[in-house]
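Visitor: One structure coming up, written as structure tokens, with questions to follow.
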Amino acid sequence: MSTFMLSALPFYPLVSFILLITLGKRLSWQQASFLSVGAMALSAISSGVLVYQLSQSNMHVFTAQLWSWFSLKSNTGTTDVNFTFYLDALSSVMICVVTGIGFLIHLFAAVYMKSDENFSRFMAYMNLFIVAMLILVLADNLVLLYLGWEGVGLCSFLLIGFWYQEKGNVLAARKAFIVTRIGDTAMAIGLFMLFKSLGQLNIVAVSEAAQASWQVGNNDAYWIALLLLGGAVGKSAQLPLQTWLPDAMAGPTPVSALIHAATMVTAGVYLIARMHGVFLLAPEVMQYVAWVGASTLLLAGVAALVQTDIKRVLAYSTMSQIGYMMLALGAGAWSAGVFHLMTHAFFKALLFLTAGAVILALHHQQNLFRMGGLLKRLPVESTLFIIGLICLMALPGTSGFFSKEAIIAELWSSSTAGPSLWWCAIIGALLTSIYSCRLFFLAFLGKERFETQLHIEKSKLLRMSLIILAALSLLGGLISLNLQEVFAVVSTKVVNMNEPSWLHTVAILTPFIGIAFSWFFFSRYRLGENNEIVAKQNSIYKFLRNGLGFDTLYQWLLIRPYCFIAKLNQRDIIDQVIMLNAWYVRLWHDTLSMTQNGSLRWYAAAFGLAIVCLVGVVTL
Amino acid sequence: MMLTIIIFGLLICGGIAWYMEGIKQHSARWVALASFVAFAMFFAFSIISSSQNFSELQSLVRIAWISSFNIEYALALDHLSITLIILTFFLAIICVLVSWQEIQDKQGFYYFNLLASIAGIIGVFCAVDLFLFFFFWEVMLLPMTAIIAIWGHENRHFAAVKFFIFTQVSSLLMLIAIIATAYFYSKQTGALSFYYQDWLEIDIPLHLASYLMLGFFIAFAVKLPSVPVHSWLPDAHTQAPTAGSVLLAGVLLKTGAYGLIRFVILLFPQASLNFAPIAGVLAVVSILYGAKMAFAQTDLKRLIAYSSISHMGFVMLALFAFNAVAYQGAIITMVAHGLSSAALFSLAGMVYNRIHSRNLNDMGGFWQSAPRMGGFALAFAGAAFGLPGLANFIGEFMSLVGAYQHFPVLVMLAALGLIGSAIYGMVLFQSSFQGVRTQYIADLSIRELMITGSLLLSLLIIGLYPNLLLQFAMGAPSL
Chain A
-6 MSTFMLSALP FYPLVSFILL ITLGKRLSWQ QASFLSVGAM ALSAISSGVL
44 VYQLSQSNMH VFTAQLWSWF SLKSNTGTTD VNFTFYLDAL SSVMICVVTG
94 IGFLIHLFAA VYMKSDENFS RFMAYMNLFI VAMLILVLAD NLVLLYLGWE
144 GVGLCSFLLI GFWYQEKGNV LAARKAFIVT RIGDTAMAIG LFMLFKSLGQ
194 LNIVAVSEAA QASWQVGNND AYWIALLLLG GAVGKSAQLP LQTWLPDAMA
244 GPTPVSALIH AATMVTAGVY LIARMHGVFL LAPEVMQYVA WVGASTLLLA
294 GVAALVQTDI KRVLAYSTMS QIGYMMLALG AGAWSAGVFH LMTHAFFKAL
344 LFLTAGAVIL ALHHQQNLFR MGGLLKRLPV ESTLFIIGLI CLMALPGTSG
394 FFSKEAIIAE LWSSSTAGPS LWWCAIIGAL LTSIYSCRLF FLAFLGKERF
444 ETQLHIEKSK LLRMSLIILA ALSLLGGLIS LNLQEVFAVV STKVVNMNEP
494 SWLHTVAILT PFIGIAFSWF FFSRYRLGEN NEIVAKQNSI YKFLRNGLGF
544 DTLYQWLLIR PYCFIAKLNQ RDIIDQVIML NAWYVRLWHD TLSMTQNGSL
594 RWYAAAFGLA IVCLVGVVTL
Chain B
236 MMLTIIIFGL LICGGIAWYM EGIKQHSARW VALASFVAFA MFFAFSIISS
286 SQNFSELQSL VRIAWISSFN IEYALALDHL SITLIILTFF LAIICVLVSW
336 QEIQDKQGFY YFNLLASIAG IIGVFCAVDL FLFFFFWEVM LLPMTAIIAI
386 WGHENRHFAA VKFFIFTQVS SLLMLIAIIA TAYFYSKQTG ALSFYYQDWL
436 EIDIPLHLAS YLMLGFFIAF AVKLPSVPVH SWLPDAHTQA PTAGSVLLAG
486 VLLKTGAYGL IRFVILLFPQ ASLNFAPIAG VLAVVSILYG AKMAFAQTDL
536 KRLIAYSSIS HMGFVMLALF AFNAVAYQGA IITMVAHGLS SAALFSLAGM
586 VYNRIHSRNL NDMGGFWQSA PRMGGFALAF AGAAFGLPGL ANFIGEFMSL
636 VGAYQHFPVL VMLAALGLIG SAIYGMVLFQ SSFQGVRTQY IADLSIRELM
686 ITGSLLLSLL IIGLYPNLLL QFAMGAPSL
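First to last, the sequence lines map onto chains A and B.
Counting along the first sequence from 1, when you hit position 340 you're at 333 in the working numbering, and nothing is skipped either side.
Each number in the working numbering corresponds to the 1-based position in the second sequence with 235 added.
And the structure:
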């Protein structure tokens, strides 16, 4: 029974996708939303049942093989790459997050996108995304994971560019796809190396073979882990492949909530957590993971401080929080990282969707400097937003608090992290609280800076999905994830390291220090004394606002040279060389045909010249 | 016998089509369609009901032809040729469907050329006497040139002549190699023979074998096509009518790959092994250069043509890796690329029929008026950049995984082609179907839906269940 349920899990949204694509415009809004949201509800319920059954059974794992895909022969034998699903504690967390949050977001989106003329196509793409994401987290081998990986990339591309008539959206979608492709290529090379080295691509088999054949610090392990990190970095928008995420906000808000906050961007985190067996054998790469996480955390936190668009603040915030997850994984705090993945999904989805409601109320206005005073005008949305923000800032009692503290607690004495990274995390928490307060003050406090009439959405479905997310964000910290068997590994803690006693206190106090700082620093925004609050325009602000210049760097380093060379060689220089041949032949043709001019004098002269030459040759 | 019936039957049907067109208008295309379907079913039926084991090369016909030179009329089949002949028949039917409305004048002569070309191609895939092989090689070339020259676009004469000369020069080198090999065979065994199975037995000293192999290699590298002898392809594709491009990309390029397997690698294994690093470098250059050139184009068909060059680079890399997994990957890539580029060229033809332009700058926002076409274009662009779930991914993945065992550095460079293909795939799809709407175009008709639907279905089936194809590729010629 459970095998069947496991195999069927991605098929509900897949069937919904096929029906929505083929029937498309012929479906009414009710029919289309019933189909898509219903499929999600079925998936969410199945996931819940499966996870429950797994916890009750004495096996730790469920597997379900759908069909055999292909086999690869190597020197050591044959490895079968099949369409097989593998459910353990880690994938249980993932499927619950994906289908549960997915269901709530689909519900919200059904109302939010109601008036769009391409509603069916939108819900179809959302469903297809869920199919791909489920395949990604349930795959038992790395090639099937890669299928889900590329699938979510494709759906992300389709959804970012959903309103394809706008050139900006088209380019943002292209950027997202190509930047993540760079990461995917690194991952693919890692797979080739993995197969050559271990002869295996099945995840469990790889971990076992790696433990058996490689010592800690093995060279193959190093390169493979590094390449897998490359793949993760692309999908999760970490340094140096983070440039696509802010632009991805061009898509509709439910897309930003689902893909670019709760699920797709966490795929990289999932990959590293899943392949922890390999990463543990490459401690230097784990250090890289931690440093990538920490630097992205700080960079994104700083960038979020100066954004003018509400969605971009949330985008950089997502980037920053995923940095926390990477930091956790790099430090060896596997469970903490996954726990933060789950709680972050709750409150970030809440924040994005509420922001969407606010944007809709203001008739698609996204500029923070044209908002203000919304606390009085939109009390429900404001309350929900506050709930999301306090979870983001990790104030005590919220789910964000439990997960973030769990991460920070393990940083100081980790052998692959250490005190400097602990400080990075603390500064990051400070930045988080500062930009959160700035966001709140600008949007919800102070005087109103908008002129339009508010369009208040009274849909109960909309409110209900948001309230459930708010409840999860507040109470989600109480969910205990039993990830012990998955990560039953030797701790990476440095032995005999004495942690200072003030670590926990500082960590808990940091957000409050940030709030206090913002209270005074951003008092202008908070009180809204005059109506002249505008975004600062000097060059430092512009540099920070543009993601610290990475876009410009890549533009000059990679994009312009490639386009230049492509344009320069558009006519293909190799072809031109070969056409020289043709030119040469034609030259002879033209020259020789000039001698065939029908003029008798020319022929007589040629005749005479030839005789002279002949006589000369004979006599000499 | 069955093969002879098919080959000569197709030629005769070509004549009938030509003749019938004079009697009743538009009857030629029905004759062509009917003959392809009939012969395809006949072929499939004969293969299925045959008791022979096709994992080895099975000789089907062998009669003396030009006995003073010991040239025979010899045909044989194995899994590789069967797979490619089935692909040929499928794409031939697609070609007829694609040309249905597009070709309006001299229809009889057109369908004669189409049928003759297919007959020649089938002959190429099953000939095992080297002279006969060369004969069919030339036979398949002439109707193709005619198709480009007569029914092509504005610069068709130039493209046809270029195509013809390129192939002829390389074929000349191959002819010299064939004659030289026959000469060595006769010196070694005392008897003159052009028979393939005989040639597998001889032992030529390595330095000579390298030159002979090179002669064959150049001919097939031109056909593949591989950089630096690729430049006939973009012009030929751009100027050919849609069915011409479909046939060219779908099947003719595969004859090059087939030749590499059958006559370069199997006939001169040691020489090929020594040559492998150079071939690998050429392959990687094709992959990357093709991707870069594709990105730079503003002509839709030219873009797709360069993407073909890029994909066939994967095939060459896989073949010269001398690895069983890579070999399987090469076979799948050949079939997958045949189907996907046929699909892309069909779509390009459909767009051209509507707006009479191949320039990407004239296109934009077509999804709005033609969403079904847009959906198929997206799917086939996905095939071009190796989206998993479609057959091209399996082919590329297996080629690279297998080739990595032999050429790690080259494969890492080739993997950069994945990024390159994403870039030109994006340009291909977004410039035409996304963006601001420039004009209204009609969505797919039933006939066009049949073409694109069947191609997508086959790509999906092979992509999700490649064992259908792989069980025939298991019998990898002993490497």
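From the three backbone atoms N, C-alpha and C, an ideal C-beta is built for every residue, glycine too.
Output the distance between the C-alpha atoms of A:S0 and A:T77, rounded to the nearest integer angstrom.
Guide: Each residue's Cα considered, the two are about 8 Å apart.
Visitor: For A:R442, name the three-state secondary structure that DSSP assigns.
Guide: coil
Visitor: In this structure, how does DSSP classify B:L449 when only helix, strand and coil are distinguished?
Guide: helix
Visitor: I'd like to know whether the C-beta atoms of A:A103 and A:V30 end up nearer to each other than 9 Å.
Guide: Yes, the Cβ-Cβ distance between A:A103 and A:V30 is below 9 Å.
Visitor: Round the Cβ separation of A:A37 and A:T(-4) to the nearest angstrom and send it over; I've been treating them as touching at under 8 Å.
Guide: Rounded, the Cβ-Cβ distance is 19 Å, inconsistent with contact.
Visitor: Identify, in the order they occur along the chain, each residue of the same chain with its Cβ nearer than 6 Å to the Cβ of A:F334, setting aside the five sequence neighbours on each side.
Guide: Rather than Phe, the amino acid found at residue 334 of chain A in this sequence is Leu. Answer for A:L334: T259, V262 and M318, listed in chain order.
Visitor: Locate the alpha helix (DSSP H) running through A:S84, then write down its first and last residues.
Guide: Here the alpha helix (DSSP H) through A:S84 covers A82 to Y105.
Visitor: Whole-angstrom Cβ separation of A:G95 and A:I123, contact assumed at under 8 Å?
Guide: 5 Å
Visitor: For B:C248, collect the residues of the same chain with a Cβ closer than 7 Å to its Cβ; drop the 5 residues on either side in sequence, then sort them by chain order.
Guide: V266, S270 and L350
Visitor: Using three-state DSSP, classify A:K66 as helix, strand or coil.
Guide: strand
Visitor: Name the one or two DSSP bridge partners that A:W216 has.
Guide: Answer is none; A:W216 lacks a bridge partner.
Visitor: Is A:W216 near the ligand GDP, in the sense that its beta carbon is under 8 Å from a heavy atom of that ligand?
Guide: In the structure shown, the ligand GDP is absent, as is every other ligand, since no ligand is present at all.
Visitor: Bridge partners for A:A25 per DSSP, in chain order?
Guide: According to DSSP, which records beta bridges pairwise, A:A25 is partnered with nothing at all.
Visitor: Hey, out of B:A279, B:C361, B:K422 and B:L322, whose CA is closest to B:S689's CA?
Guide: B:L322
Visitor: B:F642 touches chain A at which residues, Cβ-Cβ below 8 Å?
Guide: Simply none; closest approach about 11 Å.
Visitor: Grouping DSSP H, G and I as helix and E and B as strand, with all else coil, what is B:S713?
Guide: The predicted model places B:S713 with a pLDDT of 45, which falls under 50 and marks its position as unreliable, so this point remains unresolved.
Visitor: Using a Cβ-Cβ cut-off of 9 Å, state whether A:G261 counts as contacting chain B.
Guide: no
Visitor: Taking 7 Å as the limit between beta carbons, can you name the residues of its chain near B:G573, skipping five residues before and five after?
Guide: L322, L326, G485, V486 and K489.
Visitor: Just to confirm, are A:L414 and A:L404 a CB contact at a threshold of 9 Å?
Guide: yes
Visitor: So is B:N702 in contact with chain A if we call contact Cβ pairs under 9 Å?
Guide: yes
Visitor: Mapping DSSP to helix, strand and coil, what is B:P701?
Guide: coil
Visitor: Short of 7 Å in beta carbon distance, which residues of its chain neighbour B:V636, apart from the five on each side in sequence? Order them along the chain.
Guide: Residues V560 of the same chain have their beta carbon placed closer than 7 Å to that of B:V636, with the five preceding and five following residues left out of the count.
Visitor: Using Cβ-Cβ distances below 7 Å, what residues of the segment 550 to 583 of chain B are close to chain A?
Guide: Using a CB distance below 7 Å, the part of the segment 550 to 583 of chain B facing chain A consists of A559 and V560, ordered along the chain.
Visitor: Check whether the segment 652 to 659 of chain B touches the segment 576 to 592 of chain B, taking contact to mean three or more Cβ pairs, one atom from each stretch, closer than 8 Å.
Guide: No: fewer than three Cβ pairs fall under 8 Å.
Visitor: CA-CA distance, A:S85 and B:H465?
Guide: 51 Å
Visitor: Taking Cβ to Cβ, would you say B:A638 is nearer than 9 Å to B:A626?
Guide: no
Visitor: Cα separation between A:W22 and A:S113?
Guide: 8 Å
Visitor: Within the chosen definition, does the segment 229 to 237 of chain A reach the segment 535 to 552 of chain A through at least 3 CB pairs nearer than 8 Å?
Guide: yes
Visitor: Can you check which of these residues, B:L645, B:A612 and B:G624, is closest to B:Y700 by C-alpha distance?
Guide: Among B:L645, B:A612 and B:G624, the Cα nearest to that of B:Y700 is on B:G624.
Visitor: Can you tell me where the alpha helix (DSSP H) with B:E337 in it begins and where it stops?
Guide: H314 to E337
Visitor: Quick one: grab the DSSP three-state call for B:M647.
Guide: helix
Visitor: To the nearest angstrom, report how far apart A:Q358 and A:P372 are at their CA atoms.
Guide: 18 Å
Visitor: Would you check if there are 3 or more beta carbon pairs closer than 8 Å linking the segment 362 to 370 of chain B to the segment 270 to 287 of chain B?
Guide: no
Visitor: Can a CB atom of chain A be found closer than 9 Å to the CB of B:S200?
Guide: Chain B is shown only over 236 to 714; residue 200 of chain B falls outside these bounds and no answer can be derived.
Visitor: With a threshold of 6 Å on Cβ separation, who are the neighbours of B:P712 within its own chain once the five nearest residues in sequence on each side are excluded?
Guide: Below a pLDDT of 50, predicted positions are generally treated as unreliable, and B:P712, at 49, falls in that range; the measurement from the model is reported next regardless. Counting only Cβ-Cβ distances below 6 Å, and skipping sequence neighbours, we find L501.
Visitor: With DSSP as the reference, label B:V296 as helix, strand or coil.
Guide: strand
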